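In what follows, a structure is listed as structure tokens, so that the remarks can point back to it.
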Amino acid sequence: MTSSTRKRVAVLGAGLIGEVHRRAAVLAGAEVVGVLASTPERSREVAAAWGVERAFADIDEVAASDVDAVHICTPNSSHVPFAVQLMEAGKHVLCEKPLGVSLEDAQHAAEVAERTGVVTTMPFAYRFHPMARELRARVQSPGFGAVNLVHGTYLQDWLLSPRSTSWRVDPVAGGPSRAFGDIGSHWCDLVEWVTGDRIASLVATTSISVKQRPAATAASFTGFESDGPLVDVTTEDSALILFRTAADVAGSAVISQLSAGRKNRLWVEVDGMQQSAVFDQELPEQLLLGDDEGYRTLVRDPNHGSSEQRRLATLPAGHAQGYAQCFEAYVADSYAAIDAQAGVGERPEGLPTFADGVRAATICDAMLRSAASRAWVDVG
Ligand code: SOE
Numbered sequence: 001m002t003s004s005t006r007k008r009v010a011v012l013g014a015g016l017i018g019e020v021h022r023r024a025a026v027l028a029g030a031e032v033v034g035v036l037a038s039t040p041e042r043s044r045e046v047a048a049a050w051g052v053e054r055a056f057a058d059i060d061e062v063a064a065s066d067v068d069a070v071h072i073c074t075p076n077s078s079h080v081p082f083a084v085q086l087m088e089a090g091k092h093v094l095c096e097k098p099l100g101v102s103l104e105d106a107q108h109a110a111e112v113a114e115r116t117g118v119v120t121t122m123p124f125a126y127r128f129h130p131m132a133r134e135l136r137a138r139v140q141s142p143g144f145g146a147v148n149l150v151h152g153t154y155l156q157d158w159l160l161s162p163r164s165t166s167w168r169v170d171p172v173a174g175g176p177s178r179a180f181g182d183i184g185s186h187w188c189d190l191v192e193w194v195t196g197d198r199i200a201s202l203v204a205t206t207s208i209s210v211k212q213r214p215a216a217t218a219a220s221f222t223g224f225e226s227d228g229p230l231v232d233v234t235t236e237d238s239a240l241i242l243f244r245t246a247a248d249v250a251g252s253a254v255i256s257q258l259s260a261g262r263k264n265r266l267w268v269e270v271d272g273m274q275q276s277a278v279f280d281q282e283l284p285e286q287l288l289l290g291d292d293e294g295y296r297t298l299v300r301d302p303n304h305g306s307s308e309q310r311r312l313a314t315l316p317a318g319h320a321q322g323y324a325q326c327f328e329a330y331v332a333d334s335y336a337a338i339d340a341q342a343g344v345g346e347r348p349e350g351l352p353t354f355a356d357g358v359r360a361a362t363i364c365d366a367m368l369r370s371a372a373s374r375a376w377v378d379v380g
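Sequential numbering from 1 applies to the sequence shown in UniProt numbering.
Structure representation (structure tokens):
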């Protein structure tokens with residue numbers, strides 16, 4: 001094979017994130033062949049709305065189809081069963097995070113990925129902000145100095161209303177950890193990827209501030225309030241961790257889905273012995289750089305900076321790119337990895353795989369163990 005072929009893909013799930021994947025797939029040049037939604041009727045409605053050929057009735061039809069790759073954007077508990085069936089059928093898989101609702105699930109999926117040899121990727125999408133790439137390049141450059149501290153937050157407010165609900169609140173569909181599994185996983189992934197270091201041990205505490213919510217609905221994210229009967233909430237609204245890394249650096253993170261006014265505020269701050277740097281996902285076009293004279297703002301500019309910052313720039317400086325472009329880059333790089341596996345081109349830098357999904361599940365498992373025991377635990 002000497003040139004890349006047009007990918008034929010299916011999208012599983014038609015919520016907010018399914019639509020984000022669909023758009024990114026189209027922009028990356030794929031043919032979206034079909035969709036599997038929550039019911040066959042819903043699949044037909046979405047297929048008509050998206051203008052795609054096939055409304056899949058179930059996962060068996062997707063596995064038996066001639067698509068090359070499948071985007072899994074369904075509730076968390078279906079990720080591993082769907083991914084395993086699709087990998088066994090030879091499909092490449094782009095699976096939403098978290099990989100599984102338990103560490104064992106995630107490990108099982110990674111084992112199948114290894115055995116079948118298909119390409120598997122996961123949208124730890126914030127890695128794809130050009131200025132997150134710049135942060136990584138700077139933190140890992142000699143001029144930054146050895147990292148002495150890592151800290152930050154990931155705050156949202158979409159579950160602040162006691163009437164807000166989602167399948168994410170349900171411990172079966174969403175998994176036993178909510179805030180940490182959903183967004184803490186992004187924070188840990190970004191920090192480990194940026195620093196090249198690993199969270200080795202941690203102590204955690206969690207809170208459930210809204211004790212009851214309406215029973216979970218099919219809704220996945222912001223803006224969904226229900227008048228339905230209340231049920232007890234068992235998954236955390238917030239999680240705080242203190243940690244030490246393999247390089248014996250101390251760190252902390254505050255993760256919450258009940259922080260009024262914070263819409264998607266992932267903040268990572270890395271302190272080195274000569275410089276410090278901050279990446280704020282709500283202001284993704286800039287990086288804050290600190291030295292002994294104070295902080296200054298570095299603006300994304302395709303004419304400057306690291307090669308990876310420049311590679312991921314799709315617009316000129318001052319023409320804001322953000323979350324959607326992260327997904328577009330993630331999907332385009334996933335398809336490039338499929339091509340590379342077939343001998344066409346290079347596998348791109350920094351593409352998160354099922355191994356990264358297992359890593360996130362490992363940290364989440366440690367967070368839950370520590371919160372339950374109120375003790376420091378090894379992450380593994
Ligand atoms: C909801 O909290 C959510 O959509 C997460 O599931 C995503 O992973 C994050 O990128 C934005 O917020």
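Glycine included, C-beta positions come from ideal geometry on N, C-alpha and C.
The model shown is predicted, which means the values in this text are computed figures rather than measured ones.
Buried or exposed: where does residue i fall if 16 or more other Cβ atoms within 10 Å of its Cβ makes it buried?
i	result
valine 299	exposed
threonine 297	exposed
methionine 1	Low confidence applies here, because methionine 1 scores a pLDDT of 44, under 50, leaving its location unreliable; read the following figure in that light. That one is exposed.
valine 331	buried
glutamine 321	buried
lysine 211	exposed
arginine 138	buried
alanine 132	buried
tyrosine 154	buried
methionine 273	exposed
glycine 318	exposed
glutamine 341	exposed
aspartate 60	exposed
valine 379	buried
valine 172	exposed
serine 161	exposed
tyrosine 295	exposed
glycine 143	exposed
If you follow the alpha helix (DSSP H) that residue i is part of, which residue opens it and which one closes it?
i	result
glutamine 85	79-88
glutamate 41	40-50
arginine 133	130-139
glutamine 212	Per DSSP, glutamine 212 belongs to no alpha helix (DSSP H); it is in the beta strand (DSSP E), 212-214.
glutamate 111	103-116
histidine 21	16-27
glutamine 341	323-341
glutamine 257	First-last for glutamine 257: undefined, no H or E at that position.
Please report the Cβ distance between residue i and residue j, rounded to the nearest whole angstrom; I am assuming they are in contact, meaning their Cβ atoms lie under 8 Å.
i	j	result
arginine 262	aspartate 157	5 Å
arginine 265	proline 214	So it is not a contact: roughly 26 Å between Cβ atoms.
valine 67	leucine 36	The pair is not a contact, with the Cβ atoms about 11 Å apart (cut-off 8 Å).
alanine 24	glycine 34	The pair is not a contact, with the Cβ atoms about 17 Å apart (cut-off 8 Å).
glycine 228	tryptophan 187	Contact flag wrong, Cβ pair sits at about 31 Å.
glycine 305	glutamate 134	5 Å
glutamine 85	valine 358	The pair is not a contact, with the Cβ atoms about 19 Å apart (cut-off 8 Å).
Residues in its own chain within less than 7 Å of residue i by CB, not counting five upstream and five downstream?
i	result
arginine 198	Glu192, Thr245 and Ala246
alanine 204	Ala239, Leu240, Ile241, Met367, Ser370 and Ala371
glutamate 349	Glu308
arginine 22	Val11, Val32 and Trp50
valine 270	Val139, Val147, Val150, Val194, Thr195, Ser276 and Ala277
residue 382	Shown here, the chain extends from 1 to 380; a query on residue 382 therefore has no answer.
arginine 310	Pro302
aspartate 356	Met122, Phe124 and Asp189
leucine 230	Gln212, Arg213 and Pro214
Provide the residue span of the beta strand (DSSP E) that contains residue i, from first to last.
i	result
glutamate 269	265-272
tyrosine 126	No beta strand (DSSP E) contains tyrosine 126, which DSSP labels as neither H nor E.
isoleucine 183	No beta strand (DSSP E) contains isoleucine 183, which DSSP labels as neither H nor E.
valine 70	69-72
glycine 152	147-155
glutamine 286	286-291
glutamate 53	Where glutamate 53 is concerned, there is no enclosing beta strand (DSSP E), given that its DSSP letter is neither H nor E.
valine 9	8-12
Let me check you understand the geometry: is the CB of residue i closer than 7 Å to at least one non-hydrogen atom of the ligand GTP?
i	result
glutamate 45	For the ligand GTP, the structure offers nothing, since it holds only the ligand SOE.
Below 8 Å CB to CB, which residues in the same chain sit around residue i once its five sequence neighbours on both sides are set aside?
i	result
threonine 116	Met87, Glu88 and Gly90
methionine 102	Just to set this straight, residue 102 is serine in the shown sequence, not methionine. Result list for serine 102: Gly175, Pro176, Ala361 and Asp365, in chain order.
serine 209	Asp237, Ser238 and Leu258
serine 3	Val344
Give every residue of the same chain whose Cβ lies closer than 6 Å to the Cβ of residue i, excluding the five residues on either side of it in the sequence, and list them in chain order.
i	result
tyrosine 335	Lys7 and Ala28
threonine 234	Pro171
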